[in-house]
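One structure is given below, encoded as structure tokens.
Numbering (the numbering used here), first residue to last: 4 to 481.
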């Protein structure tokens, strides 16, 4: 009961409680290290890589794949600006651990137990200062699977009204918190994990609710106050939620929700016309209206980093002054600088040659690139173990058709085992400067990089219009 009262007290906080400002609680420099060992490891076509997922303050994640040595060992260094959950994928199984800036973590995986895809908690061991939280994540996940909730609004969201859907999601969230309380009573559970799990439940529920409202239940007449009111019991500022990735995902989603509302609701048309059809002043006004403290800083950052340079240019100085957290302000300025600074091309042949001398692999790579030296080359680094990579593959024929009038060839580099391929990918990683999959690059004739910021080719469930545009822009500009 005491736990539930504390949760209800958390909910009773007004949406716009003032947060800390001025300095920063975020980490800007410290990395953390994961020293890994897979016992009973035998290399095969499915286990040559292990991927880790870190998060940014805009709620977006970055998957970084690392090659596993033939003895089953790997040692990696990663960055995340806050202490909190990170994900990792081995084979096709995904789970989470907790990491803090500056922390040294050891991760041991039993290959034989992991391959059963059943109890991953018993197949791995984590040591380090945050291990008390990490080692509770999978057992609680199993507990949830063994104690399913009776309510699931997402199964009926297309059959109920928007207000009823939001109400049912709130009931579901309360039931999840009660289940966490029961788990904490039945097992010796560290308070630190309970706090993390509570925020995980609250902010993922808010994120998924907001996502549904903005996608399958999009209402073109919804007012900004209506959207915000749905989440009035979800604190925007919380000293503990900042250690959970779902908090940043929700902050990005609710900020995007205000942006979408302005874009689709006709009541904002007059104001947009008064500002030369630039909606940025309206976004800023709504952030001032609904945000405060660190949450307001994050909202300004999310709006600004997602906007094109022409849209943000007239307001960039005003936004900088409004962001009080030093880390968020610096990230905003870096984002602004990347929009303003043109890409500096370089010769990829020279970088590949610099990786190793007398390498047969390098000779083969150079021979491949030499075949395309007179054309633009779109390169896709992919792996069969990478779900986003495989999701893109069916859409390449359409993209190739869209640009078949241009002198562009497509080259696909697989990051699968055996060891020779792993060595090849390590060389390419260093040459191109990437460590996550899929990654895309465009080479101009002469193996000069024409665009290093292609991003993925998908938008939603289909091919994005941006893919063709970026290729055309790069070719036409030469």
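Beta carbons are placed, not taken as given, at the ideal position from N, Cα and C, and that holds for glycine. In this text the structure is predicted, and so the values were computed from the model without any measurement.
Residue i: first and last residue of the uninterrupted alpha helix (DSSP H) it sits in
| i | result |
| --- | --- |
| residue 507 | Since the displayed the chain opens at 4 and closes at 481, residue 507 lies outside it and no answer follows. |
| residue 212 | 194 to 217 |
| residue 469 | 468 to 479 |
| residue 187 | 165 to 189 |
| residue 99 | From DSSP, residue 99 is part of no alpha helix (DSSP H) but of the beta strand (DSSP E) over 96 to 102. |
| residue 406 | From DSSP, residue 406 is part of no alpha helix (DSSP H); its letter is neither H nor E. |
| residue 375 | It is not in any alpha helix (DSSP H) - residue 375 carries neither H nor E in the DSSP assignment. |
Whole-angstrom C-beta distance between residue j and residue i, which should lie under 8 Å
| i | j | result |
| --- | --- | --- |
| residue 326 | residue 335 | 6 Å |
| residue 37 | residue 108 | 5 Å |
| residue 478 | residue 409 | 5 Å |
| residue 296 | residue 247 | So it is not a contact: roughly 17 Å between Cβ atoms. |
| residue 128 | residue 111 | 5 Å |
| residue 412 | residue 367 | In fact, because the Cβ distance is near 17 Å, the residues do not count as touching under 8 Å. |
| residue 391 | residue 467 | Incorrect: roughly 13 Å between the Cβ atoms, too far for contact. |
| residue 271 | residue 285 | 6 Å |
| residue 92 | residue 71 | About 13 Å separates the two Cβ atoms, so there is no contact after all. |
| residue 106 | residue 122 | Actually they do not touch by this definition, with Cβ atoms about 25 Å apart. |
| residue 100 | residue 251 | The pair is not a contact, with the Cβ atoms about 18 Å apart (cut-off 8 Å). |
| residue 206 | residue 253 | 5 Å |
Boundaries (first-last residue) of the beta strand (DSSP E) holding residue i
| i | result |
| --- | --- |
| residue 69 | 64 to 70 |
| residue 308 | Not the beta strand (DSSP E): residue 308 falls in the alpha helix (DSSP H), residues 296 to 308. |
| residue 442 | 442 to 447 |
| residue 107 | 107 to 113 |
| residue 396 | Careful: residue 396 lies outside any beta strand (DSSP E) and carries neither H nor E. |
| residue 81 | 76 to 81 |
| residue 54 | 52 to 58 |
| residue 88 | 87 to 93 |
| residue 38 | 35 to 42 |
| residue 128 | 127 to 130 |
Where residue i falls, given that 16 or more other Cβ within 10 Å makes a residue buried
| i | result |
| --- | --- |
| residue 140 | buried |
| residue 76 | exposed |
| residue 225 | buried |
| residue 232 | exposed |
| residue 393 | exposed |
| residue 234 | buried |
| residue 88 | buried |
| residue 442 | buried |
| residue 355 | buried |
| residue 330 | buried |
| residue 298 | buried |
| residue 445 | buried |
| residue 8 | Residue placement at residue 8 cannot be trusted, given a pLDDT of 37 that sits under 50; what the coordinates show is reported in the next sentence. Label assigned to residue 8: exposed. |
| residue 201 | buried |
| residue 74 | exposed |
| residue 311 | exposed |
| residue 357 | exposed |
| residue 340 | exposed |
| residue 159 | exposed |
| residue 63 | exposed |
Rounded straight-line distance, which links the Cα of residue j to that of residue i
| i | j | result |
| --- | --- | --- |
| residue 308 | residue 338 | 6 Å |
| residue 47 | residue 188 | 43 Å |
| residue 133 | residue 56 | 17 Å |
| residue 142 | residue 384 | 35 Å |
| residue 169 | residue 216 | 9 Å |
| residue 181 | residue 333 | 40 Å |
| residue 52 | residue 165 | 43 Å |
| residue 218 | residue 288 | 24 Å |
| residue 173 | residue 475 | 47 Å |
| residue 386 | residue 417 | 5 Å |
| residue 314 | residue 283 | 7 Å |
| residue 33 | residue 27 | 14 Å |
| residue 147 | residue 137 | 16 Å |
| residue 90 | residue 114 | 18 Å |
| residue 256 | residue 447 | 37 Å |
| residue 65 | residue 58 | 6 Å |
| residue 199 | residue 79 | 25 Å |
| residue 274 | residue 263 | 15 Å |
| residue 465 | residue 376 | 31 Å |
| residue 306 | residue 260 | 11 Å |
| residue 461 | residue 221 | 21 Å |
| residue 228 | residue 117 | 48 Å |
| residue 397 | residue 405 | 14 Å |
| residue 223 | residue 269 | 8 Å |
| residue 103 | residue 196 | 14 Å |
Residue-chain proximity (residue i, chain C), Cβ-Cβ < 9 Å
| i | result |
| --- | --- |
| residue 300 | This model lacks chain C altogether, as it is built from one protein chain only. |
Any non-hydrogen atom of the ligand NAP closer than 8 Å to residue i Cβ
| i | result |
| --- | --- |
| residue 243 | The model on display carries no ligand, and the ligand NAP is accordingly not part of it. |
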